[in-house]
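Participant: Sending over a structure as structure tokens; questions will come in a sec.
Numbering (my numbering), first residue to last: 14 to 425.
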């Protein structure tokens, strides 16, 4: 058995397992990024303002978080495979319903159902990483999965712009249904990593109660609150990027997709950088401090120079995108290390925290700011500053942070 590899997969193998987890983690960004270029067209078709159409994004992420909280603990009780198969089935059905939606309110409803299935997929996939990998290999796998996952969102807006030009936005949801159907097939071949002896027992509602058990761990919760501030700014960018590039700067949908893809391409460098730093055993506290500091600089850059031109806005936000993608694998690895049991519940809370704060960022970004660029800059800089202050307090407090205060790399 490969060092750090805990569970062998007879049918999928190591490569197939990593590919499945990667696609599952791509669910949320694909579910949003691919249809962003269609927003202007959808506003005209449904006859609604941007604030109403944004409910398809905000509603998705809110119930995406709910889905993680529900299905994460259930996977600790019933096993990863059956819960994952159920979530994938729900997502496929909801995606097909989104493609057939006859009104904006139907689309919002079907997006909510789609989000529940997506929450299950992401929560279980994070638990699979801890179930199947250990030590520094786990940190490398987390970063590898994230770097590969960025490729999908990078291509998603380009594909979405192509769809808008030659087909309907409804085709986007048919593509999402097809991708998830492939994942469902792979999930059926998954060897269950959680044996009966490791599963939770007792009443069903007791499984959900394990969320509170994990939440009472101060090392886990305090660290989660700190690092979850950064996705707030990044998801604010997701929510208003099309309005900034198309509405504020006057670019075409195709040009917007290229700017968006460039930002996503830079995000690939974050997890790749983490892999290099982790291999060199750079302490996790050093990586986290650097990432938070860079995010703050990026937020300030957007606030002060982002309105000059599309290229200036792109270059200003790139440090925030890079730091956000650098922070995600090291913080996830560190958070998983704070909890020895209840991996499904811990995974649910990790993804819930990031998603809930991201949803908050999307809502705040949609408020009537003087312009969306100013609003985004204020959100990004403010969240990064709060995260830096919270991180400094954590390092000076008596709260034990396993693998961080000891000066170890996150995977050690």
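A virtual CB, placed ideally from N, CA and C, is assigned to each residue, including glycine. From a predicted model like this one, the values you see are computed outputs, not experimental measurements.
1. Excluding five sequence neighbours on each side, which residues of the same chain lie with their C-beta closer than 6 Å to the C-beta of residue 160?
2. Starting from residue 27, follow the alpha helix (DSSP H) in both directions and report where the run begins and ends.
3. Between the beta-carbon of residue 107 and the beta-carbon of residue 126, is there less than 7 Å?
4. So within the stretch 255-280, which uninterrupted alpha helix (DSSP H) runs reach at least 4 residues, ignoring any that extend past its ends?
5. Check whether the stretch 130-139 and the stretch 75-83 are in contact - that is, three or more C-beta pairs closer than 8 Å.
6. Hey, which unbroken runs of the alpha helix (DSSP H) at 4 residues or more fall wholly within the stretch 371-424?
7. Determine contact between the stretch 337-353 and the stretch 318-329, defined as no fewer than three beta-carbon pairs at a distance below 8 Å.
8. Going straight from the alpha carbon of residue 245 to that of residue 373, what length do you get?
9. Residues in the same chain with beta-carbon distance under 6 Å from residue 288, minus the five sequence neighbours each way, listed in chain order, please.
10. Do residue 185 and residue 173 count as a contact pair if the criterion is CB distance below 7 Å?
11. Is the Cβ-Cβ distance between residue 56 and residue 66 less than 7 Å?
12. For the alpha helix (DSSP H) that contains residue 58, what are its first and last residues?
13. Report back the beta-carbon spacing between residue 227 and residue 355 to the nearest angstrom; my notes put them in contact at under 8 Å.
14. Using the Cβ count rule (16 or more neighbours within 10 Å means buried), how would you classify residue 317?
15. How about residue 68 and residue 34: do their beta carbons lie closer than 7 Å?
16. Pair every Cβ in the stretch 347-354 with every Cβ in the stretch 226-243, then say whether three or more of these pairs are closer than 8 Å.
17. Measuring CB atoms only, is the stretch 207-218 touching the stretch 259-279, in the sense that at least three cross pairs come out at less than 8 Å?
18. Between residue 104 and residue 193, is the Cβ-Cβ spacing less than 7 Å?
19. From 358, 303, 48, 361, pick the residue whose C-alpha is nearest to that of residue 180; which is it?
20. For residue 75, count neighbouring Cβ atoms within 10 angstroms of its own Cβ and tell me buried if that reaches 16, exposed if not.
Facilitator: Judging by the given coordinates:
1. Around residue 160: 281, 284, 285.
2. Element bounds for residue 27: 26-38.
3. A contact, by the Cβ cut-off of 7 Å.
4. Within the stretch 255-280, the complete alpha helix (DSSP H) runs of at least 4 residues are 266-280.
5. Counting Cβ pairs under 8 Å, three or more are found: they touch.
6. You should have 385-409.
7. Three or more Cβ pairs closer than 8 Å define a contact, and the stretch 337-353 falls short of that threshold against the stretch 318-329.
8. Approximately 7 Å between the Cα atoms of the pair.
9. Cβ contact annotation for residue 288 (same chain, cutoff 6 Å, sequence separation greater than five): 153, 156, in chain order.
10. Less than 7 Å divides the Cβ of residue 173 from the Cβ of residue 185.
11. Contact check for residue 56 against residue 66 passes: the beta carbons are separated by less than 7 Å.
12. Start and end: 52-59.
13. In this structure residue 227 touches residue 355 by the C-beta definition: roughly 5 Å separates them, less than 8 Å.
14. With a 10 Å radius around the Cβ and a threshold of 16 neighbouring Cβ atoms, residue 317 comes out exposed.
15. When the beta-carbon positions are compared, residue 68 and residue 34 stay at least 7 Å from each other.
16. Output reads yes: the stretch 226-243 touches the stretch 347-354.
17. Inter-segment contact for the stretch 207-218 and the stretch 259-279 is absent: fewer than three beta-carbon pairs are separated by less than 8 Å.
18. Going by beta carbons, residue 104 and residue 193 fall inside the 7 Å limit.
19. Ranking 358, 303, 48, 361 by Cα distance to residue 180 puts 48 first.
20. With 16 or more other Cβ atoms from the protein chains shown falling within 10 Å of its own Cβ, residue 75 counts as buried.
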